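**Student:** Dropping the structure in here first, questions after.
In my numbering, the protein residues as written are 3 to 461.
What follows is the structure, encoded as structure tokens:
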């Protein structure tokens, strides 16, 4: 630990973890943290690594999407896949084109030179650079060529290309990727083979430069993450959702679902991440569709004089009536949710000749970030004074190198230190809706996301 005088401790946070501890002691209410996935077995644990082809007799050579699902995705267990984008692994051959992205000039040649990106900017801190991190939501606009030139110079470690704002499509749903990624989508599949039947939520590019290492800040994401390092090295510090109470998140914890999906107060979702009202509307629509099919079959049976058809028709009519009631209830809830909204508050951007609404805007100081700053994570004395419950958490680590892929389940807390040197660091990632089902064929407990994906892409 440094001999320098530590800053005065920040006030102890009494929001998230105190609420959780009170809830844990209440026998009449279900626990806030219901996570039942894999947990870090011991402090300073090293996340396992799979190297394809390392041993001719190894099971590493026989990994399939189904076995990967059963051993890692369903168990909610992180794993590093070593040298996968450059090996002969057929499981990840659909990602092999990403190696072209090592050449920054190739990226610039694929993107419209006028394409604007929002670049996260960290403040400089000359006395202690480690205290200046990303993850605060402070962004500035610049064209992609301008940003790429900064990274190519090897002299800029204050700017970082992270998640970009996405637009809504024609029916109001968020696009799978930002305008920037659409210029590059010929180099990657929408659904990589290894992830089986999981449904993608978003696809991103991460790009920066740092010889000394720059931290992302400790946070969690809301979706399963397939993180592909194309260039540079990433060092991950990880904590499972089991430790959520000890993370001192900015948002007030509402619930941790069994699959790890974290909800904050006022942001409730299903375990698979669907908004409760959207899920209700989808269920109502499906019930109506099934009831109409049942009614059609009953009417046909009546025409054909099938015995008992009149009873079937009566039951079908009752079911359709109930389904229509569900539709009305869902629409009323949606109208209530829209009350007070002003269309002038909506954000629009021009993409090509089209004006599109921004539906996934980056926010400052997001709920899913920890108040424990990266430079505090190993300072036991400081943690005892300011964030004592953080010491209850169990950390795991892994290093993800060029050509490696990290699978990280939803809501695993992670602090990422990126190293890139003169050539910078670059990664691409997929986020997938978190599964809560029981099988490879049906990774979700309902058809909400599969039906949504099929409606949008016909797959």
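Each residue gets a CB set at the ideal place from its N, CA and C atoms; glycine is no exception. Here the structure is a predicted model, which means the values were calculated and not measured.
The ligand NAP and residue 390: does any heavy atom of the ligand fall closer than 7 Å to the residue's C-beta?
**Tutor:** What this structure holds is no ligand at all, so the ligand NAP is not there to describe.
**Student:** Under the three-state reduction of DSSP, which class applies to residue 369: helix, strand or coil?
**Tutor:** By 1-based counting over the chain shown, the position of residue 369 is 367. Residue state, collapsed to three classes: coil.
**Student:** Just the Cα atoms here: how many angstroms apart are residue 223 and residue 437?
**Tutor:** To locate residue 223, count along the chain shown from 1; it is residue 221. To locate residue 437, count along the chain shown from 1; it is residue 435. Answer to the nearest angstrom: the Cα atoms are 14 Å apart.
**Student:** Assign residue 294 to one of three DSSP states: helix, strand, or coil.
**Tutor:** Here the question's residue 294 lines up with position 292 in the chain shown. Correct three-state label for residue 294: helix.
**Student:** Does the beta-carbon distance from residue 399 to residue 45 come in below 8 Å?
**Tutor:** Sequence index remark: in the chain shown, residue 399 carries index 397 (1-based). Sequence index remark: in the chain shown, residue 45 carries index 43 (1-based). No.
**Student:** Please name the residue in 226, 275, 219 whose C-alpha comes closest to that of residue 373.
**Tutor:** Taking the first residue of the chain shown as position 1, residue 373 is located at position 371. Residue 373 has its Cα closest to that of 219, out of 226, 275, 219.
**Student:** Answer yes if the stretch 409-422 comes into contact with the stretch 228-241, meaning at least three C-beta pairs across the two stretches below 8 Å, and no otherwise.
**Tutor:** yes
**Student:** Kindly indicate the opening and closing residues of the beta strand (DSSP E) around residue 433.
**Tutor:** The residue labelled residue 433 in the question sits at position 431 within the chain shown. Where residue 433 is concerned, the enclosing beta strand (DSSP E) stretches over 427-434.
**Student:** How many angstroms separate the CA atom of residue 258 from the CA atom of residue 249?
**Tutor:** Taking the first residue of the chain shown as 1, we reach residue 258 at position 256. Taking the first residue of the chain shown as 1, we reach residue 249 at position 247. Taking the straight line joining both Cα atoms gives about 13 Å.
**Student:** Tell me the rounded alpha-carbon separation between residue 464 and residue 458.
**Tutor:** Outside the shown range of the chain, which is 3 to 461, sits residue 464, and nothing can be said about it.
**Student:** So, do the stretch 394-414 and the stretch 179-188 have three or more beta carbon pairs nearer to each other than 8 Å?
**Tutor:** Counting Cβ pairs under 8 Å, fewer than three are found: no touch.
**Student:** Okay, do the stretch 193-204 and the stretch 240-254 touch, 3+ Cβ pairs below 8 Å being the bar?
**Tutor:** No, they do not touch.
**Student:** Any chance you could list the beta strand (DSSP E) runs of at least 3 consecutive residues sitting entirely within the stretch 167-251, in chain order?
**Tutor:** 202-210, 226-233, 235-241
**Student:** In the DSSP assignment, the beta strand (DSSP E) including residue 265 goes from what residue to what residue?
**Tutor:** Taking the chain shown and counting its residues from 1, the one referred to as residue 265 is at position 263. Run containing residue 265: 264-266, per the beta strand (DSSP E) assignment.
**Student:** With DSSP run on the structure shown, which of helix, strand or coil describes residue 35?
**Tutor:** Residue mapping note: residue 35 aligns to position 33 of the chain shown, counting from 1. The answer is strand: DSSP assigns residue 35 an E or B state.
**Student:** Taking the DSSP output, what are the residues bridged to residue 304?
**Tutor:** The residue you call residue 304 lines up with position 302 of the chain shown. Paired residues: none, contrary to the question.
**Student:** To the nearest angstrom, report how far apart residue 161 and residue 32 are at their CA atoms.
**Tutor:** To locate residue 161, count along the chain shown from 1; it is residue 159. To locate residue 32, count along the chain shown from 1; it is residue 30. Distance between the alpha carbons of residue 161 and residue 32 is about 43 Å.
**Student:** If residue 190 and residue 430 are in contact, beta carbons under 8 Å, what's the gap, nearest whole angstrom?
**Tutor:** Here the question's residue 190 lines up with position 188 in the chain shown. Here the question's residue 430 lines up with position 428 in the chain shown. Their Cβ separation, rounded to whole angstroms, is 7 Å, which keeps residue 190 and residue 430 in contact under 8 Å.
**Student:** Have a look at the DSSP bridge pairing and note the partners of residue 80.
**Tutor:** Position 78 of the chain shown, counting from 1, holds the residue named residue 80. Answer is none; residue 80 lacks a bridge partner.
**Student:** By Cβ distance, which residues of its chain are closer than 6 Å to residue 307, with the 5 residues on each side in sequence left out?
**Tutor:** The sequence position of residue 307 within the chain shown is 305, counting from 1. There are no such residues.
**Student:** Is it a yes or a no for the stretch 169-178 touching the stretch 383-403, going by three-plus beta-carbon pairs under 8 Å?
**Tutor:** no
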